[in-house]
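A short worksheet on the structure shown next.
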Amino acid sequence: MQTVRQIAEEIVAREGGFVNDRDDPGGATKFGVTIHTLRRLGLDLTGDGGIDIADVKALSRSQASDIFVTHYFERPRIDEMPPVLQASLFDMYVNAGGNAVRILQRMLRDMGYGVAVDGAIGPQTVKAAWDAAVPEPEVLRDAYGVARRNYYFAIADGRVASRKFAQTRSGDKGGWIRRAEAFLSPRYHLTRAQFQQRVAAWG
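Residue numbering for the sequence shown is 9 to 211, as defined by the numbering used here.
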């Protein structure tokens, strides 16, 4: 079983280096850590008294992993969730913050569990997730992976500028969709034909 550090390092590798895409609400980002995160945590990496793009560029892989483990895994209490769900939920929390938890909570509510959809992992969400993981935990993991994928599709449906994150210029699956499917059993991956049908309305 992977350690949380190994999962964090995989997230860092998946996120890639420095980017400052005007269509990305996160703004300047490196290894998945945004300038907004550095400012929220007060991390002046250049020591010049301010936190700007230079600080984002100065971020190391190790620092990014440290941030993820502390602020995106331990602090939101992902470590209390069923192990089968932790990697996908952790990855999604890095990508979408509290929305990662809301996706899970909505899914659990649809399954009949009485949890609040508030983006915070509390006793009710923990218990519901553990209950839902019985007797086949992989079913819960796959259900969450599909819900993640649907979340990305919904964003791209409503925001044209975001479609490049869900679909490549050549018409294949974009980074968002590949990211969600990385935590899905292969039988739930969309075929190229299924993906093309799903995004046909985008033009």
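Each residue gets a CB set at the ideal place from its N, CA and C atoms; glycine is no exception.
Closest residue to Ser170 among Trp184, Asn158 and Asp180 (Cα-Cα distance) | When only C-alpha atoms are compared, the closest one is Trp184.
Look at Glu88 and Ile61 and say whether their C-beta atoms are less than 8 Å apart.
-> no
Is Val142 helix, strand or coil when you go by DSSP?
-> coil
Assign Gln113 to one of three DSSP states: helix, strand, or coil.
-> Three-state DSSP puts Gln113 in a helix.
Compute the Euclidean distance between the alpha carbons of Gly105 and Tyr80, then round it to the nearest angstrom.
-> 8 Å
Cβ of Phe76 within 8 Å of Cβ of Ile86?
-> no
Could you pull the start and end residues of the alpha helix (DSSP H) that Glu18 belongs to?
-> Val12 to Glu23
Contact check, Val27 vs Ala72, beta carbons under 8 Å = no
Where does Val123 fall in DSSP's three states?
-> In the structure shown, Val123 sits in coil (DSSP, three-state: anything other than H, G, I, E or B).
Is Leu93 near Val154, with beta carbons less than 8 Å apart?
-> no
Between the C-alpha atoms of Asp32 and Ser96, what's the straight-line distance to the nearest angstrom?
-> The alpha-carbon atoms of Asp32 and Ser96 are separated by roughly 21 Å.
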